[in-house]
Amino acid sequence: MQFGIFSVSDITTDPTTGQTPSEGQRIKDIVTIAKHAEEVGLDVFALGEHHNEPFFSSSPTTTLAYIAAQTSTLQLSTATTLITTNDPVKIAEDFAMLQHLSDGRVDLTLGRGNTGPVYPWFGKDIRAGIPLAIENYALLHQLWREHTVDWQGKFRTPLQSFTSTPRPLDEIPPFVWHGSIRSPEIAEQAAFYGDGFFANHIFWPASHTARMIALYRERFAHYGHGDPDQAIVGLGGQVFMRKNSQDAVKEFRPYFNNAPVYGHGPSMEDFTRETPLTVGSPQEVIDRTLGFRDYVGDYQRQLFLMDHAGLPVKTVLEQLDLLGAEVVPVLRKEFAALKPAHVPDAPTHESLLAAKKVNA
Amino acid sequence: MNQRSLAVVSAGLSQPSSTRLLADQISAAAVSRAAADGIQLTVTVIELRDLAHDIANHLLTGFPPAALKDAIETVEAADGLVAVTPIFTASYSGLFKSFFDVLDKDALADKPVVIAATAGTARHSLTLEHALRPLFAYLRAAVVPTAVFAASDDWGADSADGTLRSRIDRAAAELTREISRRDSVSVTDPFALTVNFEDLLKNP
Numbered sequence: 006m007q008f009g010i011f012s013v014s015d016i017t018t019d020p021t022t023g024q025t026p027s028e029g030q031r032i033k034d035i036v037t038i039a040k041h042a043e044e045v046g047l048d049v050f051a052l053g054e055h056h057n058e059p060f061f062s063s064s065p066t067t068t069l070a071y072i073a074a075q076t077s078t079l080q081l082s083t084a085t086t087l088i089t090t091n092d093p094v095k096i097a098e099d100f101a102m103l104q105h106l107s108d109g110r111v112d113l114t115l116g117r118g119n120t121g122p123v124y125p126w127f128g129k130d131i132r133a134g135i136p137l138a139i140e141n142y143a144l145l146h147q148l149w150r151e152h153t154v155d156w157q158g159k160f161r162t163p164l165q166s167f168t169s170t171p172r173p174l175d176e177i178p179p180f181v182w183h184g185s186i187r188s189p190e191i192a193e194q195a196a197f198y199g200d201g202f203f204a205n206h207i208f209w210p211a212s213h214t215a216r217m218i219a220l221y222r223e224r225f226a227h228y229g230h231g232d233p234d235q236a237i238v239g240l241g242g243q244v245f246m247r248k249n250s251q252d253a254v255k256e257f258r259p260y261f262n263n264a265p266v267y268g269h270g271p272s273m274e275d276f277t278r279e280t281p282l283t284v285g286s287p288q289e290v291i292d293r294t295l296g297f298r299d300y301v302g303d304y305q306r307q308l309f310l311m312d313h314a315g316l317p318v319k320t321v322l323e324q325l326d327l328l329g330a331e332v333v334p335v336l337r338k339e340f341a342a343l344k345p346a347h348v349p350d351a352p353t354h355e356s357l358l359a360a361k362k363v364n365a
Numbered sequence: 002m003n004q005r006s007l008a009v010v011s012a013g014l015s016q017p018s019s020t021r022l023l024a025d026q027i028s029a030a031a032v033s034r035a036a037a038d039g040i041q042l043t044v045t046v047i048e049l050r051d052l053a054h055d056i057a058n059h060l061l062t063g064f065p066p067a068a069l070k071d072a073i074e075t076v077e078a079a080d081g082l083v084a085v086t087p088i089f090t091a092s093y094s095g096l097f098k099s100f101f102d103v104l105d106k107d108a109l110a111d112k113p114v115v116i117a118a119t120a121g122t123a124r125h126s127l128t129l130e131h132a133l134r135p136l137f138a139y140l141r142a143a144v145v146p147t148a149v150f151a152a153s154d155d156w157g158a159d160s161a162d163g164t165l166r167s168r169i170d171r172a173a174a175e176l177t178r179e180i181s182r183r184d185s186v187s188v189t190d191p192f193a194l195t196v197n198f199e200d201l202l203k204n205p
């Protein structure tokens with residue numbers, strides 16, 4: 006099982022100090038955070054994509070390539086790459102490029118983006134979100150698998166004798182996860198292609214995540230990719246830890262209360278009960294995270310959101326220390342002991358290359 | 002006996018509230034009217050005061066906490082609805098509107114609804130016609146012709162002539178008639194998969 010962190014790249018004022026990092030500082034900090042993720046033994050770093058303030062990450066492959074150059078084992082991913090407003094041709098090119106530079110340490114998570122005003126900036130319409138995701142991915146899928154592509158669709162200019170360059174590393178496209186909070190069509194899309202499905206798992210109750218994953222698993226089997234429990238599932242998660250539970254609660258509360266999205270809304274206690282957020286000791290995080298398996302089954306990837314809501318970089322790095330030293334080693338052992346042999350790991354370039362050689 | 006369900010949404014804030022009192026009188030009248038027509042009407046009352054924090058949280062987080070989720074599902078699944086609000090500043094209360102704001106836009110489609118309101122003075126009575134009726138018309142609800150308004154006067158001795166009572170009975174009769182001529186409500190699941198991928202791909 007893969008463990009890692011994901012960042013939405015928000016630039017938020019620290020509510021306890023009133024300090025707001027500059028864009029430049031926050032961008033440098035994210036590199037420090039990603040490198041530290043590898044240092045503490047995590048497997049994955051995933052970065053979001055946004056085209057509006059207060060977020061900095063408009064160009065994730067640039068950032069990930071820079072991180073790739075300074076790491077050696079870290080799997081680089083996204084959370085999410087906008088399949089609606091990006092040109093699928095550019096996604097095909099950018100991520101194949103990143104694959105080569107990082108020696109295959111790349112996968113990506115596709116999402117639609119839920120910020121209405123962003124769509125028209127890129128000549129698109131949020132009301133066509135699902136059709137855009139369907140058509141654009143169909144083209145992306147084809148560009149990575151066929152050398153010369155003739156293509157015509159509704160949303161972009163036709164292609165005649167087009168070859169996306171560079172070709173995917175070893176002719177193996179990056180593994181794709183499809184992320185969605187609430188659209189069954191996206192679970193269906195992931196199932197159809199036999200791709201992974203990543204549930205945000207932060208903003209909505211666990212019961213909802215369980216439903217979406219169950220649908221994905223059922224449809225994954227329907228399309229002949231294996232048994233339902235062999236589908237590739239990833240979950241988000243959100244934690245804040247200190248050795249003593251009460252210290253975690255006290256320290257995180259002002260960040261929670263002022264956080265974008267849910268701040269000034271439910272109490273931290275309500276939100277902890279209603280969603281998978283865990284604020285407490287490392288042991289509480291371990292117990293809660295192991296419990297995710299009870300409602301989604303054996304799964305392949307667990308990413309935690311750590312650097313948001315104005316938390317200072319020093320605190321984020323301390324959180325990573327706790328995650329790497331006290332939480333993930335236990336989770337690795339416990340999840341591995343529970344997982345039956347026929348449940349696969351998340352595909353990596355290495356595993357896909359090995360499978361290709363066996364099949365050749 | 003034919004079983005049907007009635008949801009009652011009351012946005013009264015004080016306890017006891019005249020808004021809840023009016024809601025109870027309308028639902029009681031509907032129950033007895035329905036019983037006379039061979040229909041057993043099961044009533045579930047939703048007090049929005051109890052859900053005020055949940056409604057605000059839903060607006061902020063995008064998902065309903067458990068108690069609000071139950072209330073929304075009760076309204077969606079009901080065969081009829083009685084919606085009662087106090088008049089605040091020339092319209093329905095903000096809490097009342099916020100509850101209907103977090104309902105799915107199709108949740109009330111073709112659902113028989115009685116609209117009702119309370120206020121301190123009869124001068125607010127047409128608020129039902131210029132504020133509540135358009136709101137429910139937008140939601141494509143089947144609002145019955147009689148809307149019930151009760152001012153402070155209507156609860157006093159001066160109203161012994163029973164005009165409020167007669168309006169309640171008329172609205173209840175209209176509601177029961179609309180419920181009885183419809184099939185029981187079947188709720189569609191917004192997260193159910195209704196397409197298969199080959200069709201999506203062919204016609205994005």
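Same order as they appear, the protein sequences are chains E and W.
Counting from 1 along the first sequence, just add 5 to a position and that's the residue number in the numbering used here.
Counting from 1 along the second sequence, just add 1 to a position and that's the residue number in the numbering used here.
By construction, the Cβ of each residue, glycine as well, lies at the ideal position given by its N, Cα and C atoms.
Compare the C-beta of residue i against all C-beta atoms of chain W and say whether one is closer than 8 Å.
| i | result |
| --- | --- |
| R216 (chain E) | yes |
| Q3 (chain E) | The structure shown does not extend to residue 3 (chain E), since chain E is modelled only from 6 through 365, so no value can be given for it. |
| P233 (chain E) | no |
| I72 (chain E) | no |
| Q194 (chain E) | yes |
| F197 (chain E) | yes |
| R298 (chain E) | no |
| Y267 (chain E) | yes |
| W149 (chain E) | no |
| E98 (chain E) | no |
Tell me whether residue i sits in a helix, a strand or coil according to DSSP, three-state version.
| i | result |
| --- | --- |
| G285 (chain E) | strand |
| D19 (chain E) | coil |
| N58 (chain W) | helix |
| G95 (chain W) | helix |
| V188 (chain W) | coil |
| N364 (chain E) | helix |
| A152 (chain W) | strand |
| R5 (chain W) | strand |
| A51 (chain E) | strand |
| W209 (chain E) | coil |
| S15 (chain W) | coil |
| S82 (chain E) | strand |
| Q24 (chain E) | coil |
| Q75 (chain E) | coil |
Roughly how many angstroms separate the alpha carbons of residue i and residue j, rounded to a whole number?
| i | j | result |
| --- | --- | --- |
| A341 (chain E) | M6 (chain E) | 7 Å |
| P352 (chain E) | A219 (chain E) | 20 Å |
| N3 (chain W) | S181 (chain W) | 9 Å |
| Q26 (chain W) | L115 (chain E) | 54 Å |
| I47 (chain W) | P87 (chain W) | 15 Å |
| L328 (chain E) | H313 (chain E) | 16 Å |
| G121 (chain W) | W156 (chain W) | 11 Å |
| L113 (chain E) | S82 (chain E) | 5 Å |
| I56 (chain W) | A73 (chain E) | 45 Å |
| H56 (chain E) | S62 (chain E) | 7 Å |
| D92 (chain E) | R161 (chain E) | 8 Å |
| Y366 (chain E) | I135 (chain E) | The displayed coordinates of chain E run from 6 to 365. Any statement about residue 366 (chain E) would go beyond what the structure contains. |
Please return the same chain residues whose Cβ sits closer than 6 Å to the Cβ of residue i, not counting the five positions on each side in sequence.
| i | result |
| --- | --- |
| D170 (chain W) | A30 |
| T119 (chain W) | S19, T20, L23, P87, A151 |
Answer with yes or no whether the minimum CB distance from residue i to chain E is below 8 Å.
| i | result |
| --- | --- |
| T189 (chain W) | no |
| P66 (chain W) | yes |
| A57 (chain W) | yes |
| G121 (chain W) | no |
| F89 (chain W) | no |
| V103 (chain W) | no |
| L202 (chain W) | yes |
Within a Cβ cutoff of 7 Å, which residues of the same chain sit near residue i, ignoring the five residues on either side of it in sequence?
| i | result |
| --- | --- |
| D200 (chain E) | V181, W182, H183 |
| P171 (chain E) | A101, M102, H105 |
| T287 (chain E) | What sits at residue 287 (chain E) in the sequence shown is Pro, not Thr. Same-chain partners within the cutoff: M246, L327, E331, V332. |
| V301 (chain E) | T214, A215, I218, V238, L240 |
Could you pull out every residue in the same chain whose Cβ sits closer than 8 Å to the Cβ of residue i, ignoring the five residues on either side in sequence?
| i | result |
| --- | --- |
| F197 (chain E) | R224, Y228 |
| V83 (chain W) | L7, A8, V9, V10, A24, I27, S28, A31, V114, V115, A117, L176 |
| W209 (chain E) | I186, R187, T280 |
| G53 (chain E) | F11, S12, V13, S14, F60, S62, P65, T83, A84, T85 |
| E179 (chain W) | G81, P113, A143, V145 |
Ranges of the beta strand (DSSP E) found wholly within the segment 215-271 of chain E, counting only runs of at least 3 | If only complete runs of 3 or more residues are kept, the segment 215-271 of chain E shows the beta strand (DSSP E) at 238-246, in order along the chain.
Can you give, in chain order, each stretch of the beta strand (DSSP E) that sits fully within the segment 84-139 of chain E and has at least 3 residues?
-> Counting whole runs of 3 or more residues, the segment 84-139 of chain E contains the beta strand (DSSP E) stretches 112-116.
Runs of alpha helix (DSSP H) lying entirely within the segment 74-147 of chain W, each at least 4 residues, in chain order = Listed in chain order, the complete alpha helix (DSSP H) runs (minimum 4 residues) inside the segment 74-147 of chain W are 95-102, 134-139.
Note down, one range per segment and in chain order, each beta strand (DSSP E) of at least 3 residues found wholly within the segment 153-188 of chain E.
-> Counting whole runs of 3 or more residues, the segment 153-188 of chain E contains the beta strand (DSSP E) stretches 154-156, 164-167, 180-185.
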